[in-house]
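Below is one structure, written out as structure tokens, with a few remarks after it.
Numbering (my numbering), first residue to last: 7 to 253.
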């Protein structure tokens, strides 16, 4: 099974809490003795995996220059969930549905950043089409900083079909499009919701767009015409979170 390296206290703690069984190895800076760090070390030491006490130089090499904070772990790559699992989650979950749908987003850095934001706002799952999409690669997991272990990622064969089914379950499907006439700030986002965002440079595919109940845009008052996909997704998701917390 393929693996990836997770670095930093928060990301490692998250991996330990949500998928500790996937941790295959631990490396720590033996010179760091503060209580917060040692509390994490004690938890990691209980795992029946190789445990390496080393130095900052070695950790910097293994982490490829990322901010490791004295700890890193090797973990199995997360498994992508199936369309059947997604349908079961929607049917049985007691929480208000809140999903992010990425239509053929192929850049692993964008996917990783979206996963990180999805975790921050409490997204129930991220949905990807099976074709022409980035998967849960080591690069995606690195950029996600632990969120790939906490946010369920679902892969579906026919995105338009699953969006149609989600609408039948009472989920409102909202697409992001620059030519939309309404902004996200003009729409109520407190109910069952699926945000759909297309790939940079391409936007939403026609069949995907046709399944959207409404299209929205972000107000752009400066000179640039658009935002990075992951940044735009973050703004949309946080507006939904703001409304949900105020409701």
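Idealized CB from N, CA, C, for every residue including glycine.
Bear in mind the structure is a predicted one, so any value in this text is a computation, not a measurement.
Neighbour-count burial assignment, residue 73, 16 or more Cβ in a 10 Å radius: For this step, residue 73 is matched to residue 67 along the chain shown. Residue 73 is exposed by the Cβ-count criterion.
Would you list, in sequence order, the uninterrupted beta strand (DSSP E) runs of no fewer than 3 residues that lie entirely inside the region 160-231? 178-182, 199-204 and 220-223
Cβ shell of residue 150 (< 7 Å), same chain only, five flanking positions each side left out: Your numbering for residue 150 matches position 144 in the chain shown. Correct list, in chain order: 118, 121 and 122.
Go ahead and pull the three-state DSSP assignment for residue 251. Within the chain shown, residue 251 is the residue found at index 245, counting from 1. In this structure, residue 251 counts as helix in the three-state DSSP scheme.
Out of 21, 54, 48 and 100, state which residue places its alpha-carbon closest to the alpha-carbon of residue 198. By one-based count along the chain shown, residue 198 stands at place 192. Among 21, 54, 48 and 100, the Cα nearest to that of residue 198 is on 100.
What first and last residue would you give for the beta strand (DSSP E) that runs through residue 77? On the chain shown, position 71 is the one that residue 77 refers to. Residues 77-82.
Looking only at DSSP bridge pairs, what is residue 134 linked to? What you label residue 134 is simply residue 128 of the chain shown in a count that begins at 1. Per DSSP, 161.
Okay, do the region 171-184 and the region 135-154 touch, 3+ Cβ pairs below 8 Å being the bar? no
Under a three-way DSSP split, which group does residue 107 fall into? Sequence index remark: in the chain shown, residue 107 carries index 101 (1-based). Reduced to three states, the DSSP call for residue 107 is strand.
Thinking residue 242 and residue 181 are a contact (beta carbons under 8 Å), I'd like their distance in whole angstroms, please. Along the chain shown, read from residue 1 onward, the residue named residue 242 stands at position 236. Along the chain shown, read from residue 1 onward, the residue named residue 181 stands at position 175. The Cβ separation is near 10 Å, so there is no contact.
Between which two residues does the alpha helix (DSSP H) containing residue 55 stretch? Residue mapping note: residue 55 aligns to position 49 of the chain shown, counting from 1. No alpha helix (DSSP H) contains residue 55, which DSSP labels as neither H nor E.
Do three or more CB pairs link the region 94-108 to the region 74-85 at distances below 8 Å? no
How about residue 22 and residue 83: are their beta carbons less than 8 Å apart? Along the chain shown, read from residue 1 onward, the residue named residue 22 stands at position 16. Along the chain shown, read from residue 1 onward, the residue named residue 83 stands at position 77. Not closer than 8 Å, so no.
In angstroms with no decimal places, state the Cα-to-Cα distance between residue 87 and residue 237. Taking the chain shown and counting its residues from 1, the one referred to as residue 87 is at position 81. Taking the chain shown and counting its residues from 1, the one referred to as residue 237 is at position 231. One C-alpha to the other measures close to 25 Å.
Could you pull the start and end residues of the beta strand (DSSP E) that residue 30 belongs to? On the chain shown, residue 30 is found 24 positions in, with the first residue counted as 1. Per DSSP, residue 30 belongs to the beta strand (DSSP E) from 29-35.
Length of the line joining the Cα atoms of residue 167 and residue 209: As a first step, residue 167 must be located in the chain shown, where it is residue number 161. As a first step, residue 209 must be located in the chain shown, where it is residue number 203. Roughly 18 Å between the two C-alpha positions.
Could you round the C-beta distance between residue 92 and residue 133 to whole angstroms and report it? I think they count as a contact, below 8 Å. Along the chain shown, read from residue 1 onward, the residue named residue 92 stands at position 86. Along the chain shown, read from residue 1 onward, the residue named residue 133 stands at position 127. About 7 Å separates the two Cβ atoms, so the contact holds.
Where DSSP assigns a beta bridge to residue 87, which residues make up the other side? Position 81 of the chain shown, counted from the start, is the residue given in the question as residue 87. Answer by DSSP bridge pairing, in chain order: 160.
Report yes if the C-beta distance between residue 68 and residue 11 is below 8 Å; otherwise report no. On the chain shown, residue 68 is found 62 positions in, with the first residue counted as 1. On the chain shown, residue 11 is found 5 positions in, with the first residue counted as 1. Cβ distance < 8 Å, so residue 68 and residue 11 count as in contact.
Could you check what DSSP says for residue 100 in three-state terms: helix, strand or coil? For this step, residue 100 is matched to residue 94 along the chain shown. Residue 100: coil per DSSP, three-state reduction.
Quick check on the DSSP output: the alpha helix (DSSP H) that includes residue 15 runs from which residue to which? Translated into positions along the chain shown, residue 15 becomes position 9. Residues 15-25.
Taking all protein chains shown into account, do 16 or more other C-beta atoms lie within 10 angstroms of the C-beta of residue 214, making it buried, or fewer, making it exposed? Your numbering for residue 214 matches position 208 in the chain shown. With 16 or more Cβ atoms within 10 Å of its Cβ, residue 214 is classed as buried.
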